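Student: Here the protein sequences line up with chains A and B, keeping their order. With the numbering used here applied, the first sequence has no gaps in its numbers, which climb one by one up to 427 at the end. With the numbering used here applied, the second sequence has no gaps in its numbers, which climb one by one up to 427 at the end. Have a look at this one before I ask anything.
Protein chains: 2
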Amino acid sequence: MSRPQPIKFNIEKKLIKSNGEKALGRVGTIETMHGIINTPAFVTVGTKATVKALTPEMVKDLGADVVLANTYHLYLQPGDPLIKKAGGLQGFMNWHGPTMTDSGGFQVFSLGAAYGKNISKITGDDSITGKNGAMAEAEGRLRKIPLIAEAPEELAPKIATIDEMGVTFKSHIDGSMHYITPRRSIEIQHNIGADIIFAFDECTSPNEPFAYQREALDRTHRWAKQSLEYHHSQKNSEKQALFGIIQGGRFEDLRKESAEIIGAMDFDGYGIGGSFAKEDMSTAVQWVNNLLPEEKPRHLLGIGEPEDLIMAIENGCDLFDCVAPTRNARSGTFYTKNGKINIGNAKFVEDLTPIDDSCKCYTCKNYSRAYMSHLFKSKEMLAGTLGSIHNLYFIIHMVKDLRQSILDGNFYEISSAFLEKYKAGNK
Amino acid sequence: MSRPQPIKFNIEKKLIKSNGEKALGRVGTIETMHGIINTPAFVTVGTKATVKALTPEMVKDLGADVVLANTYHLYLQPGDPLIKKAGGLQGFMNWHGPTMTDSGGFQVFSLGAAYGKNISKITGDDSITGKNGAMAEAEGRLRKIPLIAEAPEELAPKIATIDEMGVTFKSHIDGSMHYITPRRSIEIQHNIGADIIFAFDECTSPNEPFAYQREALDRTHRWAKQSLEYHHSQKNSEKQALFGIIQGGRFEDLRKESAEIIGAMDFDGYGIGGSFAKEDMSTAVQWVNNLLPEEKPRHLLGIGEPEDLIMAIENGCDLFDCVAPTRNARSGTFYTKNGKINIGNAKFVEDLTPIDDSCKCYTCKNYSRAYMSHLFKSKEMLAGTLGSIHNLYFIIHMVKDLRQSILDGNFYEISSAFLEKYKAGNK
């Protein structure tokens, strides 16, 4: 007897190369309990159960199909039992469309790590992988630090401690200690109640050597199995879909092995994780997507710059999430068809044209670069709101346009024309 | 030949006391070029051409009729010529309803003053009135400081310098020196282009002695005449209304004299200015409103707490503005019918009821105290947005309800019942 399917993925059309061969890319839909995600789709990030500076109505109006919240953050604050009591993530944050939560693996290593100082020995394991939280998002760099019971200040292990069963980490909020196992991550994600959730994994850096990647990958695969088994033992698996995560760093054999092992497990979809060097990303995505089952959706985790989205769509990714559009917006960096602009530049002070004169977002229809410049100079909160609306609209609609171009059979023309203008402007 | 009227004030009904006597309060409408203000009306403050944390659509949706921006702030950043080029305040900030600008007098003294250090002698005038900007909004306290060419650090005149013609002050943004005269203030306000503008005045503290109030009031009256004469010499007077400002501190004879002198000038309406001790406000408003022409609107400047609004409405004020609702919101203090609450209180962490269960605002309809508590703890920008929506809705609709109660003939019952609950909750 097959189990009930919490989501349904339909492929509508596949991307065809100019030489007539099938490419990896495809257009589809993911039906969830709370609505349809038209893929490929940019997934809007709402880390702490809020898309920063926007109401859910704004997020919907700018065209977002789905919001991704963060398990690590919500577990620590306000806590998943409260979210469950509030009717789950959707009820708590007043977003009534599809939702996702990542497993918290990345943040456990990066943020749990950032806070810790002078943590003494917690587990019997003598290998510790630490991540400098401050650098993590910029570099995705993992460091190995020898375990020292009384760490000298300069070696203070800014760490999360891994053992076979899970990860011990220190809260970046209050310094309290926490232990997350694959099962615990799924329990938390069941409480939060998103439509799509992720297995708990170890997110390594591309700079880790093969031996460590090998060890971490085996653990990630064991954890994937534990996540899946626990999930399927629970009623929640009837309404929440679980995605497994492919890791393996920059090593072809590990990435392929991971795609085969995770791809063979009965997940509802797949995430491709790990930090990539920009030039490796396309190759690594191809290794993986050539092996993953075609009939299930694939999420490239943490990717969101225009050129990366084009690569990901061409190579068969259906979902991608990234904080870049909203983070850039809050620092005054806006996407335009002619590349990025920074509104702090003096030339915009008296510029009464919109951020992008071809953009149809609320911000571009109603406000000038001069007004945006004024709001940023005045440190007004509306700056972040209007900027986030523009950047999210730009990225979401860029993906929607590429989706349409696959349906129309002109993906390569549309994406090349976009990139030519966009890259020329960024020079 | 009478001059064209930029606004039209209609009184619909007057407040009647329980003993049958007429009170000062009244219900009316102000017709402007950009829409109608139903009075009494709370005027939403948008100091720097933005109501903090809200889009203009949100401001409109929560029931605001009119937005007040700040001449001093906009003159310094982004500058009034740019706003004129952008189609005036309405076009620049995308608010299409009625607008006002204050004259900048208050801010010239408080903020221009806050920045200055080691300002050497600027004018030949040997009397300087300085205001400690940091304390100004809290206390409205003015200090007199002897003019010293090379001021020692501890006497560093945190000052604006008044002469007969105007005020010299230092920008709180970049330290640049500026000189504002009554005519200059009107020119700036013509560029900004609001529907209702204010004459340039000297805003004194209630703590100033009689002699200084006398001197400052005479100057304010001369400046009022200059403001009015310049305004009427310009085409803009056909579409922008000019309000004169009553001053006089806490002295009955000065307040009455000011009401008579300013009230006799051909202003389109009147502002009541100056900082009041809370217990004096009602008395001072009565002195003034008993003498001002009945057929013109009156704006009580800088007032916005619920109990003060009831007093002001009862005593014949038609307009009032205050930053309190939005400022309180950003610090987590919310109005409820049972008094103010601070969302930082631990008891709200798991409280799944709305801020005020009888409130019909967007925030109360869609979010819980627990969610608001989470947003504040997480320092999320949406906290300020949702909080401001609630507080502004609360205050604006409180005034709307009181307006309706005058029409219905039960103002005293409604306002007493409100105050009883509200004050009990605040204890």
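Virtual Cβ for every residue (Gly too), placed ideally from N, Cα, C. Since the structure is predicted, the reported quantities are computational estimates derived from the model, not experimental observations.
Cβ closer than 7 Å: which chain A residues qualify as neighbours of residue 94 of chain B?
Tutor: What residue 94 of chain B touches in chain A: 366 and 367.
Student: So with CB distances below 7 Å, who are the chain B contacts of residue 380 of chain A?
Tutor: Residues of chain B passing the Cβ test: 48, 50 and 52.
Student: DSSP on residue 100 of chain B, reduced to helix/strand/coil?
Tutor: In the structure shown, residue 100 of chain B sits in a strand (DSSP, three-state: E or B).
Student: Inspect the beta-carbon positions of residue 240 of chain B and residue 273 of chain B and report whether they are closer than 7 Å.
Tutor: Taking 7 Å as the Cβ cut-off, residue 240 of chain B and residue 273 of chain B do not qualify as a contacting pair.
Student: Span of the alpha helix (DSSP H) holding residue 292 of chain A?
Tutor: Element bounds for residue 292 of chain A: n/a, residue is neither H nor E.
Student: If you check the beta carbons only, do residue 40 of chain A and residue 403 of chain A fall under 7 Å apart?
Tutor: Yes, the Cβ-Cβ distance between residue 40 of chain A and residue 403 of chain A is below 7 Å.
Student: Let me confirm a value: residue 52 of chain B is counted as buried when at least 16 other C-beta atoms fall within 10 Å, else exposed. Which label applies?
Tutor: When all chains shown are included, residue 52 of chain B counts as buried.
Student: Which of helix, strand or coil does DSSP assign to residue 3 of chain A?
Tutor: In this structure, residue 3 of chain A counts as coil in the three-state DSSP scheme.
Student: Which bits of chain B does residue 78 of chain A rub up against, with CB to CB less than 9 Å?
Tutor: Ordered by position in chain B, the residues that pass the 9 Å Cβ test against residue 78 of chain A are 349, 350, 370, 371, 373, 374, 377 and 378.
Student: DSSP state of residue 380 of chain A, grouped into three classes?
Tutor: In the structure shown, residue 380 of chain A sits in coil (DSSP, three-state: anything other than H, G, I, E or B).
Student: Can you find the residues in the same chain that come closer than 8 Å, C-beta to C-beta, to residue 206 of chain B, ignoring five residues on each side of it along the sequence?
Tutor: Cβ neighbours of residue 206 of chain B beyond the five flanking positions: 140, 249, 250, 274, 275, 276, 277 and 280.
Student: Tell me the residue span of the beta strand (DSSP E) that contains residue 69 of chain B.
Tutor: Counting along the chain, the beta strand (DSSP E) containing residue 69 of chain B begins and ends at 67 to 70.
Student: Just to confirm, is the Cβ distance from residue 359 of chain A to residue 389 of chain A under 7 Å?
Tutor: Not in contact: residue 359 of chain A and residue 389 of chain A (Cβ atoms no closer than 7 Å).
Student: By alpha-carbon positions, which one of B/319, B/9, B/288 and B/416 ends up nearest to residue 303 of chain B?
Tutor: Selected option, being the one with the closest Cα: B/319.
Student: Give me, in chain order, the residues of the same chain whose beta-carbon lies closer than 8 Å to that of residue 6 of chain B; leave out the 5 immediate sequence neighbours on both sides.
Tutor: Same-chain partners within the cutoff: 32, 33, 195, 237, 238, 239, 240, 241 and 268.
Student: On the three-pair Cβ rule with 8 Å, is the stretch 20 to 32 of chain A touching the stretch 309 to 327 of chain A?
Tutor: Yes, the stretch 20 to 32 of chain A is in contact with the stretch 309 to 327 of chain A.
Student: For the beta strand (DSSP E) that contains residue 39 of chain A, what are its first and last residues?
Tutor: It spans 35 to 39 - the beta strand (DSSP E) in which residue 39 of chain A sits, taken as one unbroken run.
Student: Could you pull out every residue in the same chain whose Cβ sits closer than 6 Å to the Cβ of residue 186 of chain A, ignoring the five residues on either side in sequence?
Tutor: Excluding sequence neighbours, residue 186 of chain A sits near 227, 230 and 231.
Student: For chain A, check one thing: does any of its Cβ atoms lie closer than 7 Å to the Cβ of residue 384 of chain B?
Tutor: For residue 384 of chain B, the answer is yes, since a Cβ of chain A falls inside 7 Å of its Cβ.
Student: Please determine, among A/97, A/343 and A/92, the residue with the shortest C-alpha to C-alpha distance to residue 35 of chain A.
Tutor: It is A/97.
Student: Within 7 Å of any Cβ in chain A, is that where the Cβ of residue 133 of chain B sits?
Tutor: Model confidence at residue 133 of chain B stands at a pLDDT of 28, short of 50, so the residue's coordinates are unreliable and nothing is read from them.
Student: If you follow the alpha helix (DSSP H) that residue 232 of chain B is in, where does it begin and where does it stop?
Tutor: Residues 210 to 232.
Student: Which word fits residue 210 of chain B, buried or exposed, when buried means at least 16 other C-beta atoms lie within 10 angstroms of its C-beta?
Tutor: It counts as exposed.
Student: Using the rule of at least 16 other Cβ atoms within 10 Å of the residue's Cβ for burial, across every protein chain shown, is residue 222 of chain A buried or exposed?
Tutor: Result: exposed.
Student: Going by beta-carbon coordinates alone, are residue 199 of chain B and residue 244 of chain B separated by less than 7 Å?
Tutor: Yes. Within cutoff.
Student: Anything in chain E within Cβ reach of residue 194 of chain B, meaning under 7 Å, just list it in chain order.
Tutor: In the structure shown, chain E cannot be found, because the protein chains are A and B.
Student: Taking the continuous alpha helix (DSSP H) assigned at residue 177 of chain B, which residues delimit it?
Tutor: First-last for residue 177 of chain B: 177 to 180, but that is the beta strand (DSSP E), not the alpha helix (DSSP H).
Student: Check whether the Cβ atoms of residue 48 of chain A and residue 407 of chain A lie closer than 7 Å to each other.
Tutor: In this structure, residue 407 of chain A does not lie closer than 7 Å to residue 48 of chain A by Cβ.
Student: What does DSSP give as the partner residue(s) for residue 243 of chain A in the beta ladder?
Tutor: Its beta-bridge partners are A/198 and A/269.
Student: May I ask you to report which of helix, strand or coil DSSP gives residue 235 of chain B?
Tutor: Three-state result, residue 235 of chain B: helix.
Student: Identify the contact partners of residue 242 of chain B in chain A, using a Cβ-Cβ distance below 8 Å as the criterion.
Tutor: Correct list: empty, because the minimum Cβ distance to chain A is about 26 Å.
Student: Does the Cβ of residue 177 of chain B have 16 or more other Cβ atoms within 10 Å, making it buried, or fewer, making it exposed?
Tutor: With fewer than 16 other Cβ atoms within 10 Å, it is exposed.
Student: List the residues of chain A that residue 86 of chain B touches, going by C-beta distances under 8 Å, in chain order.
Tutor: Residues of chain A passing the Cβ test: 352, 368, 370 and 371.
Student: Rounded to the nearest angstrom, how far is the Cβ of residue 396 of chain B from that of residue 9 of chain B, given a contact under 8 Å?
Tutor: Contact doesn't hold; Cβ gap of about 20 Å is too wide.
Student: Rounded to whole angstroms, what is the Cα-Cα separation between residue 63 of chain A and residue 393 of chain A?
Tutor: Looking at the two C-alpha atoms, the distance is approximately 7 Å.
Student: Identify each residue in the stretch 31 to 45 of chain B for which the Cβ-Cβ distance to at least one residue of chain A is less than 9 Å, and report them in chain order.
Tutor: Those would be none; no residue qualifies.
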